[in-house]
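Participant:
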Amino acid sequence: MSSNSVESGDIESSAADLGPLAWVLDELRKSLDGATKALRRFVRDAELARGSDLSELDASHLRIARQQLHQAVGALEMVGLEAPAKVLRAMESLAQRFVQRPELCSEDAATKVERASFALTEFLEGMIKGKTASAVALFPQYRDVVELTGGERAHPADLWPVEWHWMEVILPPEVAGLSDAASLRAEMDAGVLRVMKTADGPAAKRLGQLCVGIAAGHPAMETRAFWSICAAYFEAVSLGLCAADLYAKRAAARVLRQYAALAKGDSSVSDRLARDLLFFCALAVPDAGQEAPALNAVRVAYGLTFDKPIDYSEEKFGLFDPALMALARKRIATAAETWSGLAGGDVNRLKVVGEQFAAVSESIVRLHPESGELAQAMTRAIESTVRSGSVPVPAVAMEVATSVLYLEAAYEDLDPSNSKIAERSARLSQRPRSCVRAVSRSHWKAGWRLYRRVADRQTMGSVVDELRTALAQVESSLDQFFRNPQDKTPLREVPSNLAQMRGVFSVLGLEQPAFAALRMRSKVEQLLVDDIDEASARVGVFDKLGKSAGVMGFLIDMLQLSTCVG
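Below is the structure:
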């Protein structure tokens, strides 16, 4: 297969070495933040100087923004992320235009640059976390920036990370070649007009047949490949596999202009147009029962294996300020740790739990006002627990933990722009509220059983992942310590990791692993303060800790299995 093969819709996400990206991401954030702040400062200064000659304003802020964006472009190009770097290059070009014409740097323009930086940051953070997404999803912000530069029109294929090559397309042998007779021009004109107006299926099908005939009638490989791709594109339009949007209509008009040149004897073809059309062919996945010989031939020739659609018309990334998202995640993680400890019996956590959950409520309501009911329900449950002066009753412990785990997943692993957040938040808000009303023990047990059956499996999956991560950290630290028992440094974080795991196990009602975590924590704390007889420890404490960790890992595996089949 050719080097153009694209798996899961995004070659960069799957093929790029994410190690270097992790190193440069922090610097990239700083550069983007510095650039947007510099633009904001210029806009503020321009507002204060309204009525005066903007050309006389100090443009140093604009030059700073340009320099910051230039550095960011270099960082992304260095790690081989060409498509995201193209977004940054557009932002840099816009900053250069602002330097030349400061009056163009308006509040609206600065906002569009900022939203593009938000989207880019979120996209790259998702790559680091292993999320599969195509850079094409950055197109709405990219388009906004390109339009402000006054340069070429933006196209979704600009962000398609595929290196272009001409490839031989094997057409069905029975296809008869057509000459470039001017008589075809009238039929091409009429067909393209109908496609542009109404995405007319029969007209697109006929255009596809004409393009196949033109391809079969030419000896040059590039010309044959070009018209084969045109045929595949029109075939996709005829089957309703291409969005009838502005970009698809422009593509049809560009094909017509290419044919006009061909009819005059110019057989040269446009690489850019061929690549743009190939992009639409990549998005068009025919069903098993659909007749699409040209489309299938092109997809095979170019190794196109998109398996899910990409919506480039609506913003998916950059809907929220990354700083606010990071703060929300930090607050949720802190509250989760505190609640786990409190549910596990640490009453000292009562001193801070109220303040921490108030901070969580402030963050989620700011980002998602529709989560207000959930925030209020959690606040009431926390206030009730604090007033009691003791650890939460099992019902409240479970329901608040469920809400926190959902928030962790929604703001970390799931899509925080998901339209179902409001619905899920409203549903979850009923659970802590009902517990605070002192429902009976039998009722909360029944609710727990129901939860185990129908709770969101993505949330439970995040619980298992969290436990696995914590256990892996514990095992790694123990392994380092076992290799050199005189160095107790690796053990310092182990008690807190085990305490967190115990809290989660307790909330989930898993007594056996909760007890195992407690015993392991006690042994590790003892190792931290006692002098160690290495010989006896290796056949005693070390062996027991290793076996306990193994059992705990097995129980976590069982928890995941029960989640999958529950």
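Residue numbers (the numbering used here): 39 to 604.
In this text, a Cβ means the ideal position worked out from N, Cα and C, and glycines have one as well.
Note that the coordinates shown come from a computational prediction; the quantities given were computed from them, not determined experimentally.
(1) Which class does L209 belong to by DSSP, given the choice of helix, strand or coil?
(2) Counting along the chain, where does the alpha helix (DSSP H) carrying H99 start and finish?
(3) Taking the alpha carbon of S422 as the reference point, which residue from V391, L209 and P210 has its own alpha carbon closest?
(4) Indicate whether E353 and Q179 have their beta-carbon atoms separated by less than 8 Å.
(5) Starting from W377, follow the alpha helix (DSSP H) in both directions and report where the run begins and ends.
(6) At the level of alpha carbons, what is the spacing between L516 and L529?
(7) Quick one: residues in its chain with C-beta nearer than 7 Å to the C-beta of F580, no 5 flanking neighbours on either side, listed in chain order?
(8) Please state if the CB of V151 and the CB of A97 are separated by a distance shorter than 8 Å.
(9) Can you grab the Cα-Cα spacing for the pair M363 / I402, in whole Å?
(10) According to DSSP, is L342 helix, strand or coil?
(11) Is the beta carbon of V424 less than 8 Å from the beta carbon of L388?
(12) Does DSSP put A73 in a helix, in a strand, or in coil?
(13) Using only alpha-carbon positions, find the residue among E190, E513, F318 and Q106 that is nearest to T343.
(14) Spell out a yes or no on whether the segment 157–174 and the segment 297–304 are touching, meaning 3 or more CB-CB pairs, one atom from each, closer than 8 Å.
(15) Going by DSSP in three states, Q524 sits in which element: helix, strand or coil?
(16) E85 and R104 look like a contact to me (Cβ under 8 Å); what is the Cβ gap, rounded to whole Å?
(17) Looking at A381 and S399, is the spacing between their C-beta atoms short of 8 Å?
(18) For the alpha helix (DSSP H) holding G356, just list the boundary residues, first then last.
(19) As a quick exercise: from E513, L162 and T417, pick the residue whose alpha carbon is nearest that of L59.
(20) Quick check: L107 and L119, are their CB atoms within less than 8 Å of each other?
(21) With a CB to CB cut of under 6 Å and the five nearest residues on each side skipped, what residues in its chain are close to E273?
(22) Could you tell me the boundaries of the alpha helix (DSSP H) in which E145 lies?
(23) Under three-state DSSP, which class holds R490?
(24) Determine the burial state of E225: buried for a count of at least 16 other Cβ atoms within 10 Å of its Cβ, exposed for fewer.
(25) Taking K243 as the reference, which of W204, V275 and R181 has the closest Cα?
(26) On the DSSP letters alone, give me the boundaries of the alpha helix (DSSP H) that A269 sits inside.
(27) Report the three-state DSSP secondary structure of T440 (helix, strand or coil).
(28) If you run the structure through DSSP and keep just helix, strand and coil, what is K302?
(29) For V385, does the count of other Cβ atoms within 10 angstroms reach 16, so buried, or fall short, so exposed?
(30) Hey, how far is the Cα of K68 from the Cα of A289?
(31) Quick one: what's got a C-beta closer than 6 Å to R540's C-beta in the same chain, skipping five residues either side?
(32) Would you mind sorting A448 into buried or exposed? The rule is 16 or more other CB atoms within 10 Å of its CB.
Facilitator: In this structure, then:
(1) Three-state DSSP puts L209 in coil, outside helix and strand.
(2) For H99, the enclosing alpha helix (DSSP H) covers residues S98 to M116.
(3) The shortest C-alpha separation from S422 is found at V391.
(4) It is a contact, given that the beta carbons lie within the stated cut-off.
(5) P360 to A381 is the span of the alpha helix (DSSP H), which, as asked, contains W377.
(6) One C-alpha to the other measures close to 7 Å.
(7) Once the five neighbours on either side are set aside, the close Cβ partners of F580 are F520.
(8) In this structure, V151 does not lie closer than 8 Å to A97 by Cβ.
(9) Distance between the alpha carbons of M363 and I402 is about 9 Å.
(10) In the displayed model, L342 falls within a strand according to three-state DSSP.
(11) Against a cut-off of 8 Å, the Cβ pair of L388 and V424 comes out as a contact.
(12) A73: helix per DSSP, three-state reduction.
(13) The shortest Cα separation from T343 among E190, E513, F318 and Q106 belongs to F318.
(14) Of all C-beta pairs linking the segment 157–174 to the segment 297–304, fewer than three are shorter than 8 Å, placing the two stretches out of contact.
(15) Looking at Q524 - three-state DSSP - the assignment turns out to be coil, as it is neither helix nor strand.
(16) In fact, because the Cβ distance is near 21 Å, the residues do not count as touching under 8 Å.
(17) Not closer than 8 Å, so no.
(18) Per DSSP, G356 belongs to no alpha helix (DSSP H) and is neither H nor E.
(19) The shortest CA-to-CA distance from L59 to any of E513, L162 and T417 is the one to L162.
(20) No, they are not a contact pair.
(21) Cβ neighbours of E273 beyond the five flanking positions: G246, A330, A332 and L333.
(22) Per DSSP, E145 belongs to the alpha helix (DSSP H) from E145 to I166.
(23) Any reading at R490 needs caution, since the residue's pLDDT is 43, under 50, leaving its predicted position unreliable; the model's value is listed next. Here DSSP, grouped into helix, strand and coil, assigns R490 to helix.
(24) E225 should be labelled exposed.
(25) Of the candidates W204, V275 and R181, V275 places its Cα closest to the Cα of K243.
(26) Start and end: M259 to S276.
(27) Three-state DSSP puts T440 in a helix.
(28) Reduced to three states, the DSSP call for K302 is coil.
(29) By the neighbour-count rule (16 or more Cβ atoms within 10 Å), V385 is not buried but exposed.
(30) Each residue's alpha carbon lies about 39 Å from the other.
(31) G382, A552, A555 and L556, listed in sequence order.
(32) That one is buried.
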